[in-house]
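Chains as they are written, first to last, in my numbering: chain E, 79 to 231; chain B, 79 to 231. Quick reminder that beta carbons are idealized off the backbone N, C-alpha and C, glycines included. A quick note: this is a predicted structure, and the numbers were derived from the prediction, not measured. Have a look at the structure below before the remarks.
There are 2 protein chains.
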Amino acid sequence: MRDGLSEKEATVWESYRRMRALLEARLSRELHRATGLSEADYEVLIALASSREGTMRALELRCGLQWEKSRLSHQLRRMERRGLVVREECAEDRRGTVIRVTGAGCRLAGEARRHYERAVRRHVIEALSAEQVEALGEISRALLAGLRGLRRP
Amino acid sequence: MRDGLSEKEATVWESYRRMRALLEARLSRELHRATGLSEADYEVLIALASSREGTMRALELRCGLQWEKSRLSHQLRRMERRGLVVREECAEDRRGTVIRVTGAGCRLAGEARRHYERAVRRHVIEALSAEQVEALGEISRALLAGLRGLRRP
DNA sequence: TCACTGAGGTTGATGCATCAACTATAATGG
DNA sequence: CCATTATAGTTGATGCATCAACCTCAGTGA
């Protein structure tokens, strides 16, 4: 037990895992059914749509989302194929890429946001007391604090 | 705001999402580095290893894990290729399959469990107060209650 | 008994996530 | 100024997750 988990702790962890799996499945399925977007699409579109000009450096995007660069690159390729974004050359840094959200992408982002926030409200906010919502925020922040500043590996 | 999220709620949700992403990345990377197993491998092996005889019907397995059947099938194919499990015919129901964990699989399961539980303790249990651990359990159960009994779609 | 319905599993296609290897350009320091 | 090093991004391979289509066998009722 020095390293392992007590029965109580194991139960908490098990509940958390199941909740997490079910919640993610539910949210992503609802989003996809309503808009055809994945959560990855959604995050990229929301970031772009809420930027001035509807453009961002790929670098900015991946720092904001905290994604690996190859993940973003693959994601953008798929989104470009579907006409949600376009890649443009970057004038300031010729290694860089500027991502621009298209009109269709921007429209979808707005629509998706409504669906998504409604789903979060239904499945999370309204399923908890105000104190629990607060506590979830605190817990998340506490865990994040512990996780940040561990080196990559 | 009727359907959307208040600023506070959005902040909680954002923290949760980031925590979740970072925590999963961390746990699965540590597990993989230490044992070569994914979390999916881990869940299957733990279920099998803690069964009498080291065997389970595929059906049992996927009900316990709450996986889709094709997910389990693909997963087992990959695990069988690596010698972690074998599929056997099922005598009682000739449609069915019995999954047996191999010696190597069983050994790995034990080793992985130690690593995994230690990581959960470090990154979750010890990063929270006892009350927060308790609260996380309650929150997860509350959300689960709301999510269960929504039909498939 | 036998056609039908449904359950247990597999397969193929596709999208998502990571890793490792690579290209090209920028920055840096001698 | 040039060689080195670091950064921005892409690519290919592989594993994971889901969907839809399919096959086989079990159970059911007419």
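Residues of the stretch 190 to 211 of chain B with a C-beta less than 7 angstroms from any C-beta of chain E: Arg192, Glu195, Arg196, Val198, Arg199, His201, Val202, Ile203, Ala205, Leu206, Gln210 and Val211, listed in chain order.
Taking 8 angstroms as the cut-off between beta carbons, the residues of the stretch 91 to 125 of chain E near chain B are Trp91, Ser93, Tyr94, Arg96, Met97, Arg98, Ala99, Leu100, Leu101, Arg104, Arg107 and Arg111, in sequence order. Using a Cβ-Cβ cut-off of 8 angstroms, Glu87/B counts as an interface residue toward chain E, since at least one Cβ of chain E sits closer than that to its own. In this structure, the beta-carbon distance from Ala205/E to Gly224/B falls below 8 angstroms.
The beta carbon of Arg104/B lies closer than 7 angstroms to those of His201 in the same chain, with the five residues before and after it left out. Between Ala213/E and Val198/E, the alpha-carbon positions lie close to 16 angstroms from each other. Residues of chain B whose Cβ lies closer than 7 angstroms to the Cβ of Asp81/E are, in chain order, Arg192, Glu195, Arg196 and Arg199.
DSSP, reduced to helix, strand and coil, places Val122/B within a helical segment of the structure shown. A Cβ of chain B is located within less than 8 angstroms of the beta carbon of Gly215/E. Segment contact: the stretch 82 to 96 of chain B against the stretch 108 to 122 of chain B, fewer than three CB-CB distances shorter than 8 angstroms; contact not assigned. Chain-ordered, the chain B residues with CB closer than 7 angstroms to the CB of Arg219/E read Ser93. Scanning its chain for C-beta atoms nearer than 7 angstroms, with the 5 sequence neighbours on each side dropped, one finds no residue around Arg160/B.
Contact note: Leu150/E does not reach chain B at a C-beta cutoff of 7 angstroms; the least C-beta distance is about 14 angstroms. Counting along the chain, Ile217/B sits inside the alpha helix (DSSP H) bounded by residues Ala208 to Leu225. Of the other Cβ atoms in all chains shown, 16 or more fall within 10 Å of the Cβ of Gly183/B; this residue is therefore buried. The beta carbon of Leu123/E is closer than 6 angstroms to those of Gly183 and Ala187 in its chain, skipping five residues each way along the sequence.
Using beta-carbon distances, Leu186/B does not count as an interface residue toward chain E, since no partner is under 8 angstroms. Nearest in C-alpha terms to Asp81/B, of all of Ala190/E, Ala169/E and Ser151/E, is Ala190/E.
The three-state secondary structure of Arg178/B, taken from DSSP, is strand. Using a Cβ distance threshold of 8 angstroms, Val164/B and Leu126/B do not count as a contacting pair.
The Cβ atoms of Arg196/B and Thr133/B lie no closer than 8 angstroms to each other. When rounded, the separation of the alpha-carbon atoms in Gln153/B and Arg172/E is 43 angstroms.
Gln210/E and Arg135/B have their C-alpha atoms roughly 39 angstroms apart. Membership of Val90/B in the alpha helix (DSSP H) is indicated by the continuous run Glu85 to Thr113. At a cut-off of 8 angstroms, the C-beta of Gly224/E has a neighbouring C-beta in chain B. Scanning its chain for C-beta atoms nearer than 8 angstroms, with the 5 sequence neighbours on each side dropped, one finds around Glu158/B the residues Val164 and Arg165, in chain order. With contacts defined by Cβ atoms closer than 8 angstroms, Arg96/B and Leu137/E do not form a contacting pair. For His193/B, same chain residues with a beta-carbon under 8 angstroms away, outside a window of 5 residues either side, are Glu108, Leu109, Ala112 and Thr113 in chain order. Secondary-structure assignment with DSSP links Val164/B through a beta bridge to Arg178/B.
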